[in-house]
Amino acid sequence: PLALPPSLHEPCAGPPALSSPLLPLPPYFPTLYSLVTSLHEHCQAIIVLYRLRETHPDSEEVLNSSIQQLCEWKVRSVAKYLQQLVDMPQFSVELVLSY
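So for the sequence shown, the numbering used here puts the first residue at 2; every next one is plus one.
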């Protein structure tokens with residue numbers, strides 16, 4: 002049977018395989034990818050909570066607490082990934098400063 006070509010969204014579904022001869026990646030790429038993905042997911046969740054707070058003012062206290070907790074988790078997540086990245090050879094902190 003003929004194999005179907007991959008769809009356009011598949012390469013974006015996760016980090017490319019490190020063994021790919023077409024796209025050689027540095028050893029820190031999976032960790033950097035996880036860091037950026039984690040930041041994006043935390044930011045998206047926080048945005049949703051801010052929007053809920055605007056539309057549900059009666060739940061403001063609970064939503065503020067949830068936003069605070071998510072912000073703390075975001076900082077912990079970044080710290081965890083940055084510690085892993087700093088310990089890797091050839092990693093440059095400038096890669097993540099904009100985030």
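Even for Gly, the Cβ is constructed at its ideal location relative to N, Cα and C.
Small disclaimer: the values here were computed from a predicted structure and weren't measured.
Only counting the same chain, and skipping five residues up and downstream in sequence, which positions put a Cβ closer than 6 Å to that of residue i?
i, result
"residue 51", "none"
"residue 79", "none"
Under 7 Å between the Cβ atoms of residue i and residue j?
i, j, result
"residue 85", "residue 38", "no"
"residue 71", "residue 53", "no"
Ordered along the chain, which non-local residues of its own chain (more than five positions away) have a Cβ less than 7 Å from that of residue i?
i, result
"residue 92", "29, 86"
"residue 61", "54"
What do you get for residue i, buried or exposed, if any count of 16 or more other CB atoms within 10 angstroms of its CB means buried?
i, result
"residue 36", "buried"
How many angstroms separate the CA atom of residue i from the CA atom of residue j?
i, j, result
"residue 67", "residue 34", "26 Å"
"residue 56", "residue 49", "11 Å"
"residue 27", "residue 89", "10 Å"
Give every residue of the same chain whose Cβ lies closer than 8 Å to the Cβ of residue i, excluding the five residues on either side of it in the sequence, and list them in chain order.
i, result
"residue 47", "68, 71, 72, 75"
>> Going residue by residue through the segment 58 to 93, where are the continuous alpha helix (DSSP H) segments of at least 4 residues, counting only ones entirely within it?
In response: Scanning the segment 58 to 93 for uninterrupted alpha helix (DSSP H) segments of 4 residues or longer gives 61 to 87, listed from N- to C-terminal end.
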